[in-house]
Amino acid sequence: MLGGYSGGGRAHKIRLGEMTVEGFSRAPIKSFWRIPELKLGFDLGWQPWEYMGTPRWFITHTHMDHILALPAYAARRQMMDMTPPTVYLPAQKAGDAQMLLNAFTRLDNGRLPCRLVGVMPGDELEISRELVVTVSKTYHSVHSVGYIVWERRKKLKPEYLGLPGPKIRDLKESGVEITYEVRFPRVAYLGDSTVQGLDETPAMYRADVLITEMTFVSPDVTADMLRSAGHIHLDDIVKRQDRFENKMVIAGHFSARYTNHEILTRVHAALPDMLGGRLHLWL
Ligand SMILES: [Zn+2]
Ligand SMILES: [Zn+2]
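Under the numbering used here, the first residue of the sequence shown is numbered 374, with each subsequent residue one higher.
Right, dumping it as structure tokens:
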């Protein structure tokens with residue numbers, strides 16, 4: 374009999390303010406997440422039928438447990454007469470992903486319209502008037518990136534704050550830039566990475582919701598193993614427990630070699646207050 378993970382793998386759901394976070398992640402089985410209110414999702418290791426209505430997806434890397442459902446997602450939207458989806462992924466792999474879609478077009482004898490957009494760390498993606506997604510560097514065994522979704526708002530520059538309304542309107546009409554942009558990190562999605570992927574992008578620690586991996590929880594995993602596989606250990610999180618300013622931290626992508634019981638026992642022993650109740654384990 375197999376030890377460790379015993380199946381299931383259904384999506385979980387939790388609300389924070391006006392956002393719902395849905396998804397599931399277990400290494401190396403499948404990772405898929407979405408925030409329906411923001412009309413976007415992360416990773417396509419699987420695709421529950423109802424997720425197809427979300428039109429935009431951000432893939433962190435092309436390991437199979439993170440991209441396997443790409444053809445099904447594109448096919449379902451086509452079949453249901455929805456607009457072609459936009460899917461972002463590391464630029465180095467965009468050509469290969471297109472070849473995967475092309476192969477399925479031939480196998481399936483059906484069209485798979487999908488806008489694939491290659492991204493690099495440092496990119497800023499304009500999603501809507503309110504939302505910008507930034508792409509961050511992560512450290513994994515294949516080309517990989519993380520994503521942060523920012524809400525942006527226009528604010529009046531301080532020098533115009535006391536002015537009456539008509540005066541402000543006149544200035545605006547004369548072409549003077551009277552506002553500046555402020556950004557709030559709403560959701561940070563790390564994907565698969567060593568803890569460097571968090572440390573080098575401080576906004577990951579500040580986003581309202583951080584979705585992070587915690588692949589390993591047992592003491593037999595060495596620093597070398599973590600580096601070469603490109604993953605985070607429970608101990609990495611314990612060492613940084615004072616850095617998390619997030620309202621909610623969701624940890625997933627636990628290795629399938631662990632039972633749920635072992636994960637719960639080890640995490641609760643190492644972090645008894647669960648980051649002040651903010652840490653959620655999705656098993
Ligand atoms: Zn993975
Ligand atoms: Zn991976």
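We treat Cβ as the ideally placed atom computed from N, Cα and C, and that holds for glycine. Computed from a prediction, not measured in an experiment: that's the story for all the values here.
Asked	Found
Rounded to whole angstroms, what's the CA-CA distance from D469 to I440? Just pull it up for me.	12 Å
Using the Cβ count rule (16 or more neighbours within 10 Å means buried), how would you classify E532?	exposed
Using CA atoms only, rank isn't needed, just tell me which of F397, G390 and K403 is closest to E410.	G390
Taking 7 Å as the line, does the beta carbon of S566 fall inside it for any heavy atom of ligand 1?	no
With DSSP run on the structure shown, which of helix, strand or coil describes P645?	coil
Report, in whole angstroms, the separation of the C-beta atoms of L474 and L462, which I expect to be a contact under 8 Å.	About 12 Å separates the two Cβ atoms, so there is no contact after all.
Output needed for V568: all residues of its chain with C-beta closer than 6 Å, excluding positions within five of it in sequence on either side, in chain order.	I605 and D609
For S404 and G418, which I take to be in contact (beta-carbon distance under 8 Å), what is that distance rounded to the nearest angstrom?	4 Å
Might you give, ordered along the chain, the residues of its own chain that have their beta carbon closer than 6 Å to the beta carbon of V490, omitting 5 neighbours on each side?	Y461
As an exercise, report each continuous beta strand (DSSP E) stretch of at least 3 residues that is fully enclosed by the region 380 to 405, in chain order.	385 to 389 and 392 to 400
What are the start and end residues of the alpha helix (DSSP H) that includes D608?	L607 to K612
Sorted by chain position, which residues of the same chain lie with C-beta nearer than 6 Å to A448's C-beta, five sequence neighbours on each side aside?	L485
Of the residues P401, S628, K412 and M647, which one's Cα is nearest the Cα of E395?	K412
If we ignore side chains and look at the alpha-carbon of each, how far apart do L544 and H434 end up?	47 Å
If you run the structure through DSSP and keep just helix, strand and coil, what is G468?	helix
On a Cα-Cα basis, can you pick out the residue from K466, E503 and G377 that is closest to E554?	E503
What residue from A642, A467 and W523 has the CA that sits closest to L498's CA?	W523
Starting from F557, follow its DSSP beta bridges and name the residues at the other end.	E524
Let's see if you can read the secondary structure: which residues bound the beta strand (DSSP E) around R488?	R488 to V492
Here's the rule I'm using: 16 or more other beta-carbon atoms within 10 Å means buried, otherwise exposed. How should A642 be labelled?	exposed
Mapping the DSSP letters down to three states, classify M452 as helix, strand or coil.	helix
With contact counted as at least three CB pairs below 8 Å, one residue from each stretch, are the region 445 to 459 and the region 578 to 596 in contact?	no
For V611 and E618, what's the separation of their Cα atoms in angstroms?	14 Å
Compute the Euclidean distance between the alpha carbons of D680 and L480, then round it to the nearest angstrom.	What is shown of the chain runs 374 to 656, which leaves residue 680 out entirely.
Find the nearest neighbour of R630 within the set G650, R616 and D593, judged by alpha-carbon distance.	D593
Give the secondary structure of W422 by DSSP, where H, G and I count as helix, E and B as strand, and everything else as coil.	helix
Looking only at its own chain, which residues have a Cβ that is under 8 Å from the Cβ of W422, when we skip the five neighbours before and after it?	R449
If we count the other Cβ atoms within 10 Å of its Cβ and call it buried at 16 or more, is M374 buried or exposed?	Reliability fails at M374, whose pLDDT of 48 lies under 50, so the model's placement of it is uncertain and the value that follows must be treated cautiously. Result: exposed.
With P463 as the anchor, note down where its beta strand (DSSP E) starts and where it stops.	T459 to P463
Just to confirm the assignment, what range does the beta strand (DSSP E) spanning Y429 have?	Going by the sequence as given, residue 429 is Arg instead of Tyr. R429 to F431 is the extent of the beta strand (DSSP E) around R429.
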